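S.K.:
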Amino acid sequence: MAEDIEEIRKRKLMELQKKYLEQQKAQEEALQREMELEAQLDAIMRKVLTPEARERLGRVKLVRPELARQVELVLAQLYQAGQITEPLDDAKLKKILAQIDARTRRDFRIKW
400 MAEDIEEIRK RKLMELQKKY LEQQKAQEEA LQREMELEAQ LDAIMRKVLT PEARERLGRV
460 KLVRPELARQ VELVLAQLYQ AGQITEPLDD AKLKKILAQI DARTRRDFRI KW
């Protein structure tokens, strides 16, 4: 009887360890995919944006990371579709930022 309980405990412990290792592996894989995506986006931004525009996008990323990510994804899609043939300068990036910001910004009004 005591041996059976001990055997069950050992099996449970093995199962928990296996689950933990699987979760660790999944997290590592997700982190690796994220890093690869980040590297790809960075390479595309170097091709698509002038140094001044990349600098602006970097500053936007510090303040509004979700907006910067959306802009990066849109620019990457346009580049991969062949719609961007020359690097975008700072002024064009500002227009794109304004357009995407206008689409995603929520207006809050408080009435008394």
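The sequence shown begins at 400 in the numbering used here and counts up by one.
Glycine residues also receive a C-beta, built at the ideal position from the N, C-alpha and C atoms.
Every value quoted in this text rests on a predicted model; they were computed, and no experiment measured them.
Count the C-beta pairs between the stretch 426-437 and the stretch 460-467 that are closer than 8 Å, then say yes if the count reaches three, no if not.
M.R.: Between the stretch 426-437 and the stretch 460-467 there are fewer than three C-beta pairs closer than 8 Å, too few to call the two in contact.
S.K.: Answer with buried or exposed for Q473, where buried requires no fewer than 16 other C-beta atoms within 10 angstroms of its C-beta.
M.R.: Here residue 473 is Val; the residue named in the question, Gln, does not match the sequence. Exposed is the call here.
S.K.: Ordered along the chain, which non-local residues of its own chain (more than five positions away) have a Cβ less than 8 Å from that of Q422?
M.R.: none
S.K.: Buried or exposed for M444, please, with buried defined as at least 16 other CB atoms from any protein chain shown within 10 angstroms of its CB.
M.R.: buried
S.K.: Could you pull the start and end residues of the alpha helix (DSSP H) that L487 belongs to?
M.R.: Careful: L487 lies outside any alpha helix (DSSP H) and carries neither H nor E.
S.K.: Between the beta-carbon of A452 and the beta-carbon of D489, is there less than 8 Å?
M.R.: yes
S.K.: So, is A420 buried or exposed, given that buried needs 16 or more other C-beta atoms within 10 angstroms?
M.R.: Sequence check: residue 420 is Leu here, not Ala. When all chains shown are included, L420 counts as exposed.
S.K.: Sort out for me which residues DSSP pairs L448 with in a bridge.
M.R.: L487
S.K.: Could you tell me the alpha carbon to alpha carbon distance between E414 and L440, rounded to whole angstroms?
M.R.: 39 Å
S.K.: Using the Cα positions of I483 and A501, report the straight-line distance between them to the nearest angstrom.
M.R.: 22 Å
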